[in-house]
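Peer 1: Mind looking over this structure? Questions follow.
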Amino acid sequence: MRTADALVKAHTLIEALPWLARFHGATVVIKYGGNAMTEEHLREKFAEDVVFLRYAGLKPVIVHGGGPQINAQLDRLGIESTFTAGLRVTSPEAMQVVRMVLVGQVNRDVVGLINRHGPFAIGMSGEDAHLFTAVRKHAVVDGVTVDIGQVGDIVRVEAGAVRALLDDGRIPVISSIARSDDGTVYNVNADTAAAALAVALQASKLIVLTDVEGLYRDWRPGTGGVTVAKDGTDAAGMNGASGGDDAGDAGSAQVNVVIGELFATELEELLPSLSSGMVPKMEACLTAVQGGVPQAHVLDGRVSHSVLLEIFTDQGVGTMVLPDIAETAKTAETAAVPNLVKRGPAASVQLNGSDE
């Protein structure tokens, strides 16, 4: 059994080898949130993943929110939490709490968690070094523009400080707070902030952790899920889905299908039909790939080591969004090294556009 176990580990390492080579030196922006941030064992696994990336030669950057922690603190202080069009209405009083929780509590917790596994993490806010500049955001309800307080849209990213930290071998951990040109502080969506930063850094990947397996097609609550690749073949086993052996073949009627990969144009067509909770995450992926990031992913943060499974296994996990150019681009690199865009043979959309 010891030899068998060792062989399994050796096989895992060999499978990771081309991806270690492919992404060595690559910048990966990870939006950290959901259960992966609140459940202790998942927090530990996430920290292990991030430090592993650093030791493996990648450059991880963490962007976090903190909705549950903000809600808890507002409740303790007797400040009502209200939402309009899915956005937190942020009064000046609430903004003080948001800033305190994100910068003074959540950020410090994440930095400390990562540094238990390796002394690399450094915390910063989107206010620091003019990282994020924002303007006031307004919600539209029934065609009427509504003021939602100090909620912002990022209009400028100055990533020099983050690049300096990466060049120094550090892991930046960034809270989703921004400042306007007139000095007003804004609460910004962490998914949006992560996408904007990924574009500014010319990252190789954007990874968004969430509490679902990926982007579902034909979701029906209370039933199992399967994952299919772009060509419709079943990829459930490697993608963390719960369909398993009873998921049926690819030709049968399936519900709760996790889309293994899709292109930017396909995602644009799907956006109007998505649930409100998935919209900012998928919009972040779309923004990233349209801004030059080669791959964007939505992963299930409830799965231990989901970040490593995506980056270092042939099949990957979750839903991957690709720029439309990946469908037709032809490069010498992919002629020599096939399947650089993942989902393995079952979904062999490559950078040279061939489908197997």
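Start counting at 1 in the sequence shown, then tack on 24, and there's your number in our numbering.
Even for Gly, the Cβ is constructed at its ideal location relative to N, Cα and C.
Mapping DSSP to helix, strand and coil, what is threonine 355?
Peer 2: Translated into positions along the sequence shown, residue 355 becomes position 331. Bear in mind that a pLDDT of 40 at threonine 355, under 50, signals an unreliable position, so the number given afterwards is only what the model happens to contain. Three-state result, threonine 355: coil.
Peer 1: Using a Cβ-Cβ cutoff of less than 6 Å, which residues in the same chain neighbour glutamine 97 once the five nearest sequence positions on both sides are dropped?
Peer 2: In the sequence shown, counting from the first residue as 1, residue 97 sits at position 73. Same-chain partners within the cutoff: Val121 and Val125.
Peer 1: Got a sec? Which residues, its chain only, sit under 7 Å from leucine 298 by beta carbon, not counting five neighbours each side?
Peer 2: To locate residue 298, count along the sequence shown from 1; it is residue 274. Counting only Cβ-Cβ distances below 7 Å, and skipping sequence neighbours, we find Met306.
Peer 1: Compare the C-beta of threonine 114 with all C-beta atoms of chain C and state if any pair is closer than 8 Å.
Peer 2: As a matter of chain content, chain C is missing from the structure shown, which is built from one protein chain.
Peer 1: Please report the straight-line C-alpha distance between valine 164 and valine 317, rounded to a whole angstrom.
Peer 2: Numbered from 1 along the sequence shown, position 140 holds the residue referred to as residue 164. Numbered from 1 along the sequence shown, position 293 holds the residue referred to as residue 317. Each residue's Cα considered, the two are about 30 Å apart.
Peer 1: Nearest CA to the CA of tyrosine 240: which residue from Asp99, Gly284, Ala227 and Arg203?
Peer 2: As a working mapping, residue 240 is identified with position 216 in the sequence shown. When only C-alpha atoms are compared, the closest one is Gly284.
Peer 1: Contact check, alanine 218 vs valine 53 under 8 Å by CB: the rounded distance?
Peer 2: Translated into positions along the sequence shown, residue 218 becomes position 194. Translated into positions along the sequence shown, residue 53 becomes position 29. Contact flag correct, Cβ pair sits at about 5 Å.
Peer 1: Alpha carbon to alpha carbon, what distance is there between glycine 238 and glycine 57?
Peer 2: One-based indexing of the sequence shown puts residue 57 at position 33. One-based indexing of the sequence shown puts residue 238 at position 214. Roughly 14 Å separates the two Cα atoms.
Peer 1: Cutting at 7 Å between CB atoms, please list the residues of its own chain near alanine 224, excluding the five before and the five after it.
Peer 2: Position 200 of the sequence shown, counting from 1, holds the residue named residue 224. The answer, listed in chain order, is Val181 and Ala183.
Peer 1: Would you report the Cα separation of serine 149 and tyrosine 210, rounded to the nearest angstrom?
Peer 2: Taking the first residue of the sequence shown as position 1, residue 149 is located at position 125. Taking the first residue of the sequence shown as position 1, residue 210 is located at position 186. When rounded, the distance between both Cα atoms is 11 Å.
Peer 1: Could you name the residues of the same chain whose beta carbon sits closer than 6 Å to that of alanine 109, not counting the 5 residues immediately before and after it, in chain order?
Peer 2: By one-based count along the sequence shown, residue 109 stands at place 85. For alanine 109, where only same-chain residues beyond five positions count, the Cβ hits under 6 Å are Ala163 and Val165.
Peer 1: Three-state secondary structure (DSSP) at glutamate 151?
Peer 2: Within the sequence shown, the letter at position 127 stands for residue 151. Coil at glutamate 151, not helix or strand.
Peer 1: Go through its chain and collect everything with a Cβ distance to leucine 111's Cβ below 7 Å, but skip five positions before and after it.
Peer 2: Along the sequence shown, read from residue 1 onward, the residue named residue 111 stands at position 87. Excluding residues within five positions, the ones whose Cβ falls inside 7 Å are Ala163, Ile172 and Val175.
Peer 1: Does the stretch 337 to 352 come close enough to the stretch 76 to 84 that 3 or more CB-CB pairs lie under 8 Å?
Peer 2: Cβ pair count under 8 Å is below three, so no.
Peer 1: For my contact list, methionine 344 and histidine 321 are in at a C-beta cut-off of 8 Å; report their separation, rounded to the angstrom.
Peer 2: For the purposes of this step, residue 344 is taken as residue 320 along the sequence shown, with counting starting at 1. For the purposes of this step, residue 321 is taken as residue 297 along the sequence shown, with counting starting at 1. Confirmed, about 5 Å.
Peer 1: If you count every other CB in all the chains shown that lies within 10 Å of the CB of valine 313, and 16 or more means buried, which is it?
Peer 2: Start at 1 with the first residue of the sequence shown, and residue 313 comes out as number 289. It is buried - the Cβ of valine 313 has at least 16 other Cβ atoms within 10 Å.
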